[in-house]
Every structure is written in structure tokens, then in C-alpha cells.
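Just below is one structure, and these are the notes that go with it.
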Amino acid sequence: MSQRTERRGIHVDQSDLLCKKGCGYYGNAAWQGLCSKCWREEYHRVRQKQIQDDWALAEKLQREEEAAYASSQGVQAHPQSSTPQQPQSHTPLGPFSKFEEKKTNEKTRKVTTVKKFFSPSSRTAPKKAESPESKTPSPSVSRHASFDTDQVSKDFVDFLKNLQKPGREIHKQCRVFLMNMSSKKQDINADELSECVQDFYQGMADRLMGHFKGSSESVEQVMDQVEKYIMTRLYKSVFCPETTDDEKKDLATQNRIRALHWVTIQMLCVSMDEEIPEVSENVVKAITDIIEMDSKRVPRDKLACVTRCSKHIFSAIRITKNEPASADDFLPALIYIVLKANPPRLQSNIQYITRFCNPSRLMTGEDGYFFTNLCCAAAFIEKLDAQSLNLSPEEFERYMSGQASPRAQTSDGDWSGAGAAPCNPVLAQMNHNLELLTELSGRQERLMEAAHSLHADLLSWPAAVEQEVQSVLEKFPLEVKSCTVSAIDDNDVDNDNLPPPLTPQVFAG
Numbered sequence: 064m065s066q067r068t069e070r071r072g073i074h075v076d077q078s079d080l081l082c083k084k085g086c087g088y089y090g091n092a093a094w095q096g097l098c099s100k101c102w103r104e105e106y107h108r109v110r111q112k113q114i115q116d117d118w119a120l121a122e123k124l125q126r127e128e129e130a131a132y133a134s135s136q137g138v139q140a141h142p143q144s145s146t147p148q149q150p151q152s153h154t155p156l157g158p159f160s161k162f163e164e165k166k167t168n169e170k171t172r173k174v175t176t177v178k179k180f181f182s183p184s185s186r187t188a189p190k191k192a193e194s195p196e197s198k199t200p201s202p203s204v205s206r207h208a209s210f211d212t213d214q215v216s217k218d219f220v221d222f223l224k225n226l227q228k229p230g231r232e233i234h235k236q237c238r239v240f241l242m243n244m245s246s247k248k249q250d251i252n253a254d255e256l257s258e259c260v261q262d263f264y265q266g267m268a269d270r271l272m273g274h275f276k277g278s279s280e281s282v283e284q285v286m287d288q289v290e291k292y293i294m295t296r297l298y299k300s301v302f303c304p305e306t307t308d309d310e311k312k313d314l315a316t317q318n319r320i321r322a323l324h325w326v327t328i329q330m331l332c333v334s335m336d337e338e339i340p341e342v343s344e345n346v347v348k349a350i351t352d353i354i355e356m357d358s359k360r361v362p363r364d365k366l367a368c369v370t371r372c373s374k375h376i377f378s379a380i381r382i383t384k385n386e387p388a389s390a391d392d393f394l395p396a397l398i399y400i401v402l403k404a405n406p407p408r409l410q411s412n413i414q415y416i417t418r419f420c421n422p423s424r425l426m427t428g429e430d431g432y433f434f435t436n437l438c439c440a441a442a443f444i445e446k447l448d449a450q451s452l453n454l455s456p457e458e459f460e461r462y463m464s465g466q467a468s469p470r471a472q473t474s475d476g477d478w479s480g481a482g483a484a485p486c487n488p489v490l491a492q493m494n495h496n497l498e499l500l501t502e503l504s505g506r507q508e509r510l511m512e513a514a515h516s517l518h519a520d521l522l523s524w525p526a527a528v529e530q531e532v533q534s535v536l537e538k539f540p541l542e543v544k545s546c547t548v549s550a551i552d553d554n555d556v557d558n559d560n561l562p563p564p565l566t567p568q569v570f571a572g
């Protein structure tokens, strides 16, 4: 019983959102809890260690090969001494030269392999040379670019015109970078693509800082336009690439959220009262914003959708509590919004923002904070269990399997029966509409019965009228008597019907 009455809620310490190395920036689950800066440093360190390990392995293999060849030459030395007619000076020369050639080729191959695997700048596209049909045109020079892409390119050029000479250099570097990316995007994975884009961002930002003499606001404005131009051109090839399991994660997350459709706002201890019209409106707007994230192409625009969604959540909490919302109130509400929205391709969008967004936006500011909480919400949904919702394992399994549905909780903390009014205003409106439809259906049925009755009456009425007329005629037969009518000018002066004739009268004068 105490498990049902004590509502612990979802609490995440703010220190858990920061980078694990203590640099003060926001971390990310996709970067193992590190910020983008520390992750890149760790990535470079691991990559350099891998290169050194490969070099050590190559040298070890080379020494083993030399030892094996030397031992084989020692075995062959005794049989060759028993045949003096053969020229001894040329016997070891051929195998030795072959060994040197083999050793050189082996070393060159291993070094080339290591460099090719770990150095983005040295990668080539030999597979494309073997299969010309696999070549794809550069996105920067494609003649079939979409209208949105063309519009973004036009806006980018118009923006750079204000920078004059630096603008032309920026545009040139962006085009060169896009052409390089189009030539290597088929041969490297998503993390290496991200590394290339992030290196380009970093190099461009450093050059802009020198040009604008440390004006971070101007640099950020230019970098926003660069990111919009670059990622709009690369979107189709780098969003949810085939080399990753992003699509598989999307389907798993979507099915997981569908299976959790029964989770109520009380189970998550969300401080929002959806019966308040303003709160309900903010909830709808938050759901719309998080769904709209998938329709954007630029990481910054996707991040803006997350920020708008989060601000609507804060507004809903503030209206409900009549006080500013806290961080402990925000995360459960965000989880609730994600469960209700079930955003399309959630994992792909999170990974896309993580890989290709300007790192300065993810490390600090409200955008970075809200995005970090979104990552925490997605991770919480994946690991959500009975203990997270203060339920028993048996209840959780019944709800997940669909064998039962949770009951609404009343304001005093008791669990009401199945007939209780739903706490969700949307469900309440649906029930009200169903009641109206039921009433309207009953009225329609009664109206149809009356119409059928009227139709039957109209069909039987002529026969009844005719029968009634016949009965009246039979009871009172009609008798027509003949009568003679005299004309006014008839010669019959004795007709009583005429007035007496006028007689002349004489008056005395």
C-alpha cells in the first residue's frame, strides 16, 4: 500500500547533466556523458592509441616474418653446399631481394591501411573507380537540387555579400568542403562524418575569430549561416545513414512508447493540470513542437523546436503551480510530452543534432540544457520499469501486455474505479461527445420510426377516405329532382313569379 501512496517522482541531479570530466559544460549520453569538447579530445586520444597499437602490431608481424625467413634460409644452406657446380654468389640474392621487396610492400600496406582508416584527410575512393555506376554527383553542383536547397544557397550567398572579401573566401571553403565530403561519404561511417564536419566548424570558427577580432556574436551569426548551408546540402546523405543502426533504434523507441500508452500523468508525478485551458493549450503546443522537429533539416532548427517545446512545458507548469517551475518539475513533464507525442525518428534526430550541430550550442545555454534533458527523457523511456512508476512488477507486466489498464487517481490519493471520470480534458471531451452522439442516435431512431409510421398512414389514407365516402353515399343516396324555370320574357302573364304589370296613371294638371 505504501508503494501506491508514496509518490517519489523523477529526480535528476543537475550535476548528472554536466560533463563527467568536470569542465562545466553539458554532457550527452551519446558521448558517454562527456561534452563535445571533451569527447573530441577523448576520441583523438583513443584514435592515436589505436594507431600506435597498429604500428606495434605491424612491427611485431614484420619481426616474426624476418625470423621465419631467416630460419628457412638456415635450413636450406646445407643442401645447397653439396652442389658446388651452381653459382653460390647468386643463390641467396634472389630470395633476399624478394624478402626485401615483400617486407617493404608489407610495411607500406600496413602503414597505408592505418593512415587510411584513421586519417580523414588521406581517405580516397578506390571503390568508386572500380564501379563508376556507384558515383553520385556532388550536392553542391547537383542540377536537381530541391527548391529548399536552392533557396538556402541563395540566402547564404546574399548573406556573404555583406562580408565582401571574407564572404567569398567562406563560400569557396564551404564548396570545397562539400565536394570533399561527397567524394568520401560512402567510405566512412557516421562518426567519421561527424568528425569531419566538426573539424570544419572548428577551423572556420578559428579563422572567423581572427577576422572579427574576437567578436563572438559576429562569429556565431556567421557560423549559424554556415551550418545551415552545409547541413542542408548534406542532409539526405548524413541523416540516418545506412552505416548506423539509427533506424532500428527509431523503431524500437516508437514501439516502446506505443507500449507505454497507459502511463498516466499521476504515475510520472507531473505538475501540470490539463483541466486548465491555458495548460492544455501549452501541452498541445509542446507536442506539436516536438513532432515538428523531424521536418527540419538544419540541426539548429531542430534544436529550436526542442527549445520551444521546453518553454511551453515550463509555462504549463508555472500556470498550474502559480510559481516558477523547477528543474525537478521539468524532466517528468518532458517525459510525459514525449510519451504523448511519440515523435517520429526520435533517435535519428537526437543523433543528427549530436553529430552535426555547432558544438557551442550543445555545451552551454538553454538550447544545450533542454537538449540534454531530452536525451535523458529518451534514455529514461528506454529503461522505464515498474520501480520508476512506483508500481509492482505484476501490475507493470499486466499494463504492458494489455491485460489491464491503470485506474485514475483521485485528488486525495485513492485509486478510483473504472467508472471514474477521466482526468484528461481531452478524454473528458471525447466522453462528452460520445454521450451527445448516443443521444443524437436515439433521437434519429425515434425520428425514423415516426417517419415510417407517417409513410404507412399516407399509404392507407386514400383507401380509408374512399371507404368513408362510399358508406356516406350508401346511407344518404343522392336524389336529383327536375324543376321548370320560366324565362322573364315568357308570354305567360299568369305566372306568379312575375310582378304585376304597370298601368298608366293620369294626373290632373
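FYI, the numbering for the sequence shown is 64 to 572, going by the working numbering.
Idealized CB from N, CA, C, for every residue including glycine.
No experiment lies behind these values; they were computed from the predicted model shown.
Do residue i and residue j have their C-beta atoms within less than 9 Å of each other?
{"i": "A379", "j": "A404", "result": "no"}
{"i": "T295", "j": "T212", "result": "yes"}
{"i": "P406", "j": "I444", "result": "no"}
{"i": "C438", "j": "I413", "result": "yes"}
{"i": "Q574", "j": "D262", "result": "Because the chain is modelled from 64 through 572, residue 574 falls outside the range shown and cannot be assessed."}
{"i": "I400", "j": "V346", "result": "yes"}
{"i": "V301", "j": "F377", "result": "no"}
{"i": "N436", "j": "L397", "result": "yes"}
{"i": "L425", "j": "L366", "result": "yes"}
{"i": "T370", "j": "E429", "result": "yes"}
{"i": "L323", "j": "L402", "result": "yes"}
{"i": "C303", "j": "Y432", "result": "no"}
{"i": "D309", "j": "R461", "result": "no"}
From residue i to residue j, what distance separates their C-alpha atoms?
{"i": "C368", "j": "Q113", "result": "39 Å"}
{"i": "K276", "j": "M463", "result": "59 Å"}
{"i": "R381", "j": "M493", "result": "27 Å"}
{"i": "Q136", "j": "V109", "result": "40 Å"}
{"i": "P540", "j": "V532", "result": "11 Å"}
{"i": "S334", "j": "D357", "result": "27 Å"}
{"i": "N318", "j": "K311", "result": "11 Å"}
{"i": "V535", "j": "A513", "result": "31 Å"}
{"i": "L447", "j": "R321", "result": "13 Å"}
{"i": "A121", "j": "S134", "result": "20 Å"}
{"i": "G273", "j": "F222", "result": "19 Å"}
{"i": "A527", "j": "H515", "result": "18 Å"}
{"i": "E280", "j": "D116", "result": "43 Å"}
{"i": "K224", "j": "V239", "result": "19 Å"}
{"i": "L226", "j": "T417", "result": "29 Å"}
{"i": "P525", "j": "L510", "result": "24 Å"}
{"i": "K299", "j": "F219", "result": "19 Å"}
{"i": "Q249", "j": "M267", "result": "24 Å"}
{"i": "P563", "j": "F570", "result": "21 Å"}
{"i": "L565", "j": "Q530", "result": "58 Å"}
{"i": "E498", "j": "G465", "result": "26 Å"}
{"i": "A519", "j": "S504", "result": "23 Å"}
{"i": "E344", "j": "N496", "result": "19 Å"}
So, at 7 Å on beta carbons, what are the nonlocal neighbours of residue i in its own chain, with the 5 sequence-adjacent residues on each side left out?
{"i": "D269", "result": "none"}
{"i": "T306", "result": "N252 and A253"}
{"i": "P456", "result": "A449"}
{"i": "C237", "result": "V289, Y292 and I293"}
{"i": "K384", "result": "S334"}
{"i": "F434", "result": "L366, V369, I416 and L425"}
{"i": "A130", "result": "none"}
{"i": "A440", "result": "L394, L397, I398 and V401"}
Which residues in the same chain as residue i place their Cβ atom closer than 8 Å to its Cβ, once the five residues preceding and following it in sequence are excluded?
{"i": "Y264", "result": "M286, V289, E290, N421 and P422"}
{"i": "F393", "result": "S373, I376, F377, I380 and N436"}
{"i": "E127", "result": "none"}
In chain order, what residues of the same chain have a beta carbon less than 6 Å from the beta carbon of residue i, not counting five sequence neighbours either side?
{"i": "F162", "result": "In this prediction, F162 has a pLDDT of 48, which is less than 50 and means its spatial position is unreliable; what the coordinates show is noted afterwards. Y132."}
{"i": "S468", "result": "W325"}
{"i": "E502", "result": "none"}
{"i": "W118", "result": "none"}
Contact between the segment 385-395 and the segment 225-239 (3+ Cβ pairs under 8 Å):
As far as the Cβ criterion goes, the segment 385-395 does not touch the segment 225-239, which means the pair count is below three.
Would you call the segment 317-329 and the segment 254-264 in contact, with 3 or more CB pairs under 8 Å?
In this structure the segment 317-329 does not lie against the segment 254-264, because fewer than three pairs of beta carbons, one per stretch, are closer than 8 Å.
If contact is defined by three or more beta carbon pairs under 8 Å, each pair taking one atom from either stretch, is the segment 354-365 in contact with the segment 333-340?
With the cut-off at 8 Å, the segment 333-340 and the segment 354-365 do not touch.
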